[in-house]
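One structure is given here, and the rest of the page talks about it.
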Amino acid sequence: MGKSFLPDWFTIFLYLILVLFGWINIYSASLNDAATGFFDMNQIYGKQALWIGLSLVLIVIMLSLEAKFYYRFSSIIYLVSLLSLLGLFIFGKTISGATSWYSFGSFSLQPSEFAKAATALALAKYLSDIQINIKSFKNQLSAFLIIALPALIIIPQPDPGSALVYLAFFFPLYREGLSGLYLILGFSLLFIFVFTLAVGSLWVSAGVVAIALLILFFNRKKKRKHISRYVVLGGLAILFSLSVNYIFENVFEQRHRDRFNLVLGKEVDSKGIGYNTDQSEIAIGSGGLWGKGWTKGTQTKGGFVPEQHTDYIFSTVGEEWGFVGSATLTLLFVILIIRLIVLAERQKNQFSRIYGYSVAGILFIHFAINVAMVIGIFPTVGIPLPFFSYGGSSLWGFTVLLFIFIRLDAARQEI
Amino acid sequence: MRKFFPIILVSLTGLIFLIRLLYLQVIDSSYEALSLNNAVSIKYDYPQRGYIFDREGNLLVANQPSYDVMVIPREIKVFDTLELASLLNITKEKLIERLDKARVYSPRLRSVIIPQLTQDEFALLKEKMRKYKGFYIQKRSLRDYKVDHSASVLGYISEVTQSEVKESSYYKLGDLIGRSGVEKQYESLLRGVKGVNYVQKDRFNREIGPYKNGIYDTLSVKGKDITLTLDQELQAYGEKLMQNKHGGIVAIEPKTGELLSVVTAPFYDPDLLVGRKRSGNYTKLYYDSINKPLLNRSLQAMYPPGSPFKALTGLVALEEGVTDINTKESCSHGFRYGRNAKMGCHAHASPLALTPALANSCNAYFAKTYRRIIEKYPTAHKGMDVWYEHLSSFGLGNYLGNDLPVGQPGRIPDGDYYDKWYPNTRWAATYTLSNAIGQGEILATPIQMANFTAAIANRGYYYTPHILKAIDGEPIKDDKFTQKKRTSISTEHFEPIIEGMHQVYTSGTAKYLQIPDIEICGKTGTAENFTRIDGKRTQLTDHSLFVAFAPKDDPKIAIAVIVENGYWGSRYAGRIASLMIEKYLKGKITRKDMEQWILTHSLEEEYLKPYSGEEFKINQ
Chain A
21 MGKSFLPDWF TIFLYLILVL FGWINIYSAS LNDAATGFFD MNQIYGKQAL
71 WIGLSLVLIV IMLSLEAKFY YRFSSIIYLV SLLSLLGLFI FGKTISGATS
121 WYSFGSFSLQ PSEFAKAATA LALAKYLSDI QINIKSFKNQ LSAFLIIALP
171 ALIIIPQPDP GSALVYLAFF FPLYREGLSG LYLILGFSLL FIFVFTLAVG
221 SLWVSAGVVA IALLILFFNR KKKRKHISRY VVLGGLAILF SLSVNYIFEN
271 VFEQRHRDRF NLVLGKEVDS KGIGYNTDQS EIAIGSGGLW GKGWTKGTQT
321 KGGFVPEQHT DYIFSTVGEE WGFVGSATLT LLFVILIIRL IVLAERQKNQ
371 FSRIYGYSVA GILFIHFAIN VAMVIGIFPT VGIPLPFFSY GGSSLWGFTV
421 LLFIFIRLDA ARQEI
Chain B
410 MRKFFPIILV SLTGLIFLIR LLYLQVIDSS YEALSLNNAV SIKYDYPQRG
460 YIFDREGNLL VANQPSYDVM VIPREIKVFD TLELASLLNI TKEKLIERLD
510 KARVYSPRLR SVIIPQLTQD EFALLKEKMR KYKGFYIQKR SLRDYKVDHS
560 ASVLGYISEV TQSEVKESSY YKLGDLIGRS GVEKQYESLL RGVKGVNYVQ
610 KDRFNREIGP YKNGIYDTLS VKGKDITLTL DQELQAYGEK LMQNKHGGIV
660 AIEPKTGELL SVVTAPFYDP DLLVGRKRSG NYTKLYYDSI NKPLLNRSLQ
710 AMYPPGSPFK ALTGLVALEE GVTDINTKES CSHGFRYGRN AKMGCHAHAS
760 PLALTPALAN SCNAYFAKTY RRIIEKYPTA HKGMDVWYEH LSSFGLGNYL
810 GNDLPVGQPG RIPDGDYYDK WYPNTRWAAT YTLSNAIGQG EILATPIQMA
860 NFTAAIANRG YYYTPHILKA IDGEPIKDDK FTQKKRTSIS TEHFEPIIEG
910 MHQVYTSGTA KYLQIPDIEI CGKTGTAENF TRIDGKRTQL TDHSLFVAFA
960 PKDDPKIAIA VIVENGYWGS RYAGRIASLM IEKYLKGKIT RKDMEQWILT
1010 HSLEEEYLKP YSGEEFKINQ
């Protein structure tokens, strides 16, 4: 390691704060009468304490390895990861409906939590190859394939939430020069999707026509108007809207439709399908400015919010620490992600930069989707809050993901 | 641009979250109530209701435990339904039906299967309960009556109604509240203050511990024990004498205004309105339209006071100076005061002065004297107002202000009253002559009659009658009951009246009711009364009335007795009043013959007459 070993202590500090604050909230969310002490291994918070302890060991290992190791072995790591995902179809253990786990005695590992880091490494290696040009369509396709493979294996487990996370790789792709059109296309499709569900195909079609006419009107002085191009694009947009309608009604299952309808405010149901979000909002909302105090949250204690120690842990923060706590946590994540982007930017080699952006993107997607779901502005998607939610696989997965980058960053002078 | 886009995206997302959180947590305050509603329930700790004692410290009303059999459906294990049903004294089908109902309500929460088992019923069940998993016993507290009398004055308790819950900040559904009598009047003393416990619930509505370690919880405060002015033995004896009769007895201690006895007949056992049997029994009592047992006749029934009222007419006349004790009036079996108007009277010596006129209950004397009072003033209106003022100083014609929740004002007419009756006529004293002898427009409740008797016994003052003597052993200090109320009659005018009332006993209309060794002053009364049968005004047998106090020179008891349709005054009411006085002053009965007569005579036939649908004779 030598003199040049300079890990980013600020990031490590943020990591430790998040993990500790997370454990404090898991403790509160899982506290019950049978508890004997902080490290009672029969309790969820006791187990989490063990996972945290083991993470520290993991960190030491991650940082001891040569930075080059990650570069050299990235393809192998990626392949092992894909195999571990495929192995689930044979050896997988089913927990709450998803066959996403390997079981070793009383411990379970979720390979999809580690696949994210592996995919990031593989993508970074592929794109940093001197012969690869992101502008070339063929290379784009290969890059998409690297990203999509694990996602495609994960979707049928079924765990669509974890697959959604692979959208995070737009971060490095965009930074490395992927055409902004993909982004615009993505956003356009997203808008059309949401508006189709909210107001119906007819209005969306009318809107598309209106926008097209407006663009034509402002460009009326230009000589080449490409009218045919507008007609084709508009037609595709309308077609997409119609197909969304079709897919929504015929391909989606009722539970998926329900989740969208709830967020769009088309359905109100606080007992059945809307129960999670409703209780979570009540928990957060009742926290007020200063919160009810640690272990004093009545919603948390009463167990009204399902999965509160895992995916809904943010609602415990909101209830017991109030706006002060939830805003602080939000800012911590924003700062961490921006810090990672800044670190990625200062990398001298492309591999580290791409990997850094991938880490930032993955953390961002997790953070954004999880919090948006808990505060009721996004449909229910079961993905954890990084470093915060209960679960060994998730904590270790994110720890590995983050500390590989910290190791790469520490070695930025070397390569 | 490519470098900044991700940073902008991250920052923007953070900003949106902060705004949403600000809205949820700080701006919209509705979530707090939602979460309390959700997760915190209030449990009450019910204190013991206060005991009720009589004036001698005898326990009248205590509490008894009662037991609700509860069930938590999902904890039930297979059990012998037939055996449990027989233990609970219901059919197997009924038991299964109730279990199903409980399961529908909630499998996790307690439901009542059988409410309010008594101690005896519970004793059978107790040792077998452990065999039935999922069944529990919930202890409650019910009233335990140590006496079988005085139901009407003690009152009863029952669960509050929905509308009472809405109006009150204290009562919650399932709470008990005093419904009548003392229980209602002194509800706030007897009930105590219930303790409040805030309990944290989980998502299944199960309780998982105190909310915020109980910082908002309060302890319950036991209800206060109250001592009544009633004499338990006198009450019991009064009801015994009044069996098979309708009417009321009110006895007052003149020196204090304490109600020694408030008896109404017909009566019922207070235990009928306890626990599970209450609602059925109450319905029976409520719909008994012949006997009307829920009407407290001592407090609520207004009767024409009849001849006892003559004592008051005499007092007003003396005070107004329109007669003196030597003025005699003649009587020729009555008094003719108009072409076709004559007030009849029975045979007695004539002419008579005030004292013997009262002893012999001469109608003519008091009619003439009454006329003098009214005609002393320039107009009959004015005269009537003066008359009214004097009588209202005896607590007549308006609510007495006693501490029982029911009452009636009675009626004493004044000038305006007759102006309304005779709007186009110059009415005169003769129009209202029946008032002189307590008939006409005069009405009074038994407690009002007892009260004016007490005022006469005291030679001119009374204390507002009351039933509360002490709270937790501390005598009451309420000015309303401890301050003398003076009548408008000077003290010196009372002696001739009291002498007349004494002669009622020694030589007058009640001379056969004398009690050895007790100087009683009394006055008989026989009040005509009417009812409507098929819309026709029909006269019924006269009410038997009697007011008395004793001993003459140091009055310890003043009493009014009304026996509906008991005919003349000394026949029923006079006997009962004499026996009550003897019972109170001596503690035993020497006139066994009189007691025997009362106990063996019933008026039930008399009461059925108006409902028989046949012709009937009165005053037999």
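For the record, the sequence lines run as chains A and B. Counting in this note's numbering, the first sequence runs from 21 upward without gaps. Counting in this note's numbering, the second sequence runs from 410 upward without gaps. By construction, the Cβ of each residue, glycine as well, lies at the ideal position given by its N, Cα and C atoms.
Inter-residue Cα distance where the pair is residue i and residue j
{"i": "valine 449 (chain B)", "j": "asparagine 700 (chain B)", "result": "51 Å"}
{"i": "serine 953 (chain B)", "j": "proline 474 (chain B)", "result": "44 Å"}
{"i": "leucine 694 (chain B)", "j": "leucine 703 (chain B)", "result": "7 Å"}
{"i": "alanine 431 (chain A)", "j": "proline 176 (chain A)", "result": "39 Å"}
{"i": "leucine 813 (chain B)", "j": "proline 717 (chain B)", "result": "25 Å"}
{"i": "phenylalanine 423 (chain A)", "j": "methionine 82 (chain A)", "result": "6 Å"}
{"i": "leucine 708 (chain B)", "j": "proline 855 (chain B)", "result": "6 Å"}
{"i": "alanine 879 (chain B)", "j": "aspartate 463 (chain B)", "result": "10 Å"}
{"i": "proline 524 (chain B)", "j": "leucine 405 (chain A)", "result": "51 Å"}
{"i": "glutamate 327 (chain A)", "j": "serine 248 (chain A)", "result": "52 Å"}
{"i": "lysine 649 (chain B)", "j": "lysine 751 (chain B)", "result": "41 Å"}
{"i": "alanine 532 (chain B)", "j": "phenylalanine 544 (chain B)", "result": "16 Å"}
{"i": "isoleucine 267 (chain A)", "j": "glycine 604 (chain B)", "result": "59 Å"}
{"i": "alanine 257 (chain A)", "j": "serine 199 (chain A)", "result": "20 Å"}
{"i": "asparagine 62 (chain A)", "j": "asparagine 52 (chain A)", "result": "11 Å"}
{"i": "asparagine 369 (chain A)", "j": "leucine 421 (chain A)", "result": "18 Å"}
{"i": "isoleucine 522 (chain B)", "j": "serine 567 (chain B)", "result": "19 Å"}
{"i": "threonine 788 (chain B)", "j": "serine 597 (chain B)", "result": "50 Å"}
{"i": "methionine 989 (chain B)", "j": "tyrosine 872 (chain B)", "result": "21 Å"}
Beta carbon proximity, residue i to chain A, threshold 7 Å
{"i": "arginine 483 (chain B)", "result": "no"}
{"i": "alanine 448 (chain B)", "result": "yes"}
{"i": "glutamine 457 (chain B)", "result": "no"}
{"i": "glycine 423 (chain B)", "result": "yes"}
{"i": "aspartate 626 (chain B)", "result": "no"}
{"i": "isoleucine 885 (chain B)", "result": "no"}
{"i": "phenylalanine 426 (chain B)", "result": "yes"}
Buried versus exposed call for residue i [16 or more other C-beta atoms within 10 Å across all chains shown]
{"i": "glutamine 857 (chain B)", "result": "buried"}
{"i": "glutamate 133 (chain A)", "result": "buried"}
{"i": "serine 1021 (chain B)", "result": "exposed"}
{"i": "tyrosine 440 (chain B)", "result": "buried"}
{"i": "phenylalanine 353 (chain A)", "result": "buried"}
{"i": "asparagine 45 (chain A)", "result": "buried"}
{"i": "lysine 23 (chain A)", "result": "Any reading at lysine 23 (chain A) is ruled out, since the residue's pLDDT is 49, under 50, leaving its predicted position unreliable."}
{"i": "asparagine 498 (chain B)", "result": "exposed"}
7 Å Cβ shell around residue i - same chain, five flanking residues per side excluded
{"i": "valine 591 (chain B)", "result": "Ile461, Val562, Leu563, Gly564, Leu637 and Ile876"}
{"i": "threonine 900 (chain B)", "result": "Arg868 and Gly869"}
Cutoff 7 Å: residue i Cβ touching any chain B Cβ
{"i": "isoleucine 152 (chain A)", "result": "no"}
{"i": "valine 39 (chain A)", "result": "no"}
{"i": "arginine 366 (chain A)", "result": "no"}
{"i": "alanine 135 (chain A)", "result": "no"}
{"i": "leucine 309 (chain A)", "result": "yes"}
{"i": "glycine 305 (chain A)", "result": "yes"}
Sequence-distant residues of its chain with Cβ nearer than 8 Å to residue i (five each side left out)
{"i": "phenylalanine 939 (chain B)", "result": "Arg946, Thr947, Gln948 and Leu949"}
{"i": "glutamine 151 (chain A)", "result": "none"}
Residue-chain proximity (residue i, chain E), Cβ-Cβ < 7 Å
{"i": "phenylalanine 413 (chain B)", "result": "The structure shown contains no chain E; its protein chains are A and B."}
Proximal residues to residue i (C-beta, below 6 Å), its chain only, five neighbours per side dropped
{"i": "alanine 645 (chain B)", "result": "His558"}
{"i": "proline 131 (chain A)", "result": "Ser104 and Leu105"}
{"i": "arginine 464 (chain A)", "result": "Past the boundaries of the shown model lies residue 464 (chain A); chain A is included only from 21 to 435, so the question cannot be answered."}
{"i": "glutamine 848 (chain B)", "result": "Pro713"}
Problem - Length at least 4, wholly inside the region 149-183 of chain A: the alpha helix (DSSP H) runs in chain order - result: 157-174
Exercise for the section: Could you name each continuous alpha helix (DSSP H) segment of 4 residues or more that falls completely within the region 477-559 of chain B, going from the start of the chain to the end? Expected result: 490-497, 501-514 and 528-535
Problem - Unbroken stretches of the alpha helix (DSSP H), 4 residues or longer, contained in the region 663-707 of chain B - result: 687-695
Exercise for the section: Please go through the region 813-839 of chain B and give each complete alpha helix (DSSP H) segment of 4 or more residues, from N-terminal end onward. Expected result: 824-830
Handout entry: Start-end ranges of the alpha helix (DSSP H) lying completely within the region 745-796 of chain B, minimum 4 residues
Key = 763-768 and 772-784
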